[in-house]
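Asks:
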C-alpha cells in the first residue's frame, strides 16, 4: 500500500484560499510555493514569514541554519526579506524569545492555528490594513 501525499485543504487562517508564500526561493513542505501541509509534515511548515537578519541568526543558534545554501537539496539559503514557510513551533519559539519574523496571514495555512493563536500571529502581520 502506497503512502499518500494528499494535502490538507489549502486554506489560510481566515478560512479563505491559501495564497502562495514564495516561488523565489521556492518554499513549502511540497515545494509548491505555498505553506500547504499534510500528515507527513511533522514540522508543520505552515507559517509564511518574511525572514529578518535577527531571525536568521536566532534560527542558526537553535541549530537550523537557514542562510547557508545546501546544494544537494536545492536549497539556496535565505536572505533578509525572503518569504519562507516556517515550522509553526519554530515561529512560536522565536516569538517567545522576542525574535519572531513578520507573518503573512493570507499566506499562512490554517493548520498553524493548532500551534499558534491567531491573536498572537496578528501582532506580526504584514498583510493587515
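Residue numbers (our numbering): 844 to 972.
Quick reminder that beta carbons are idealized off the backbone N, C-alpha and C, glycines included.
#1: From the DSSP output, in three-state form, read off residue 893 for me.
#2: Quick check: residue 947 and residue 864, are their CB atoms within less than 8 angstroms of each other?
#3: So residue 926 and residue 890 are in contact, right, with Cβ under 8 angstroms, and what is the actual spacing, rounded?
#4: Would the region 913-929 count as touching the region 855-870 if we require 3 or more Cβ pairs under 8 angstroms?
#5: Going along the chain, which residues of its own chain have a beta-carbon closer than 7 angstroms to the beta-carbon of residue 971, five neighbours each way excluded?
#6: Buried or exposed, going by whether 16 or more other CB atoms sit within 10 Å of the CB of residue 943?
#7: Mind checking whether the beta-carbon of residue 943 lies closer than 7 angstroms to any heavy atom of the ligand GDP?
#8: Closest by CA to residue 855, which one among 897, 888, 883?
#9: Take the Cβ of residue 870 as the centre, count every other Cβ of all protein chains shown within 10 Å, and call the residue buried at 16 or more, exposed below.
#10: Going by DSSP in three states, residue 851 sits in which element: helix, strand or coil?
#11: In whole angstroms, what separates the C-alpha of residue 957 from that of residue 912?
Replies: The answer reads as follows:
#1: strand
#2: yes
#3: Actually they do not touch by this definition, with Cβ atoms about 11 angstroms apart.
#4: yes
#5: 948, 965
#6: buried
#7: With respect to small molecules bound, the structure shown includes none, and the ligand GDP cannot be examined in it.
#8: 888
#9: buried
#10: coil
#11: 30 angstroms
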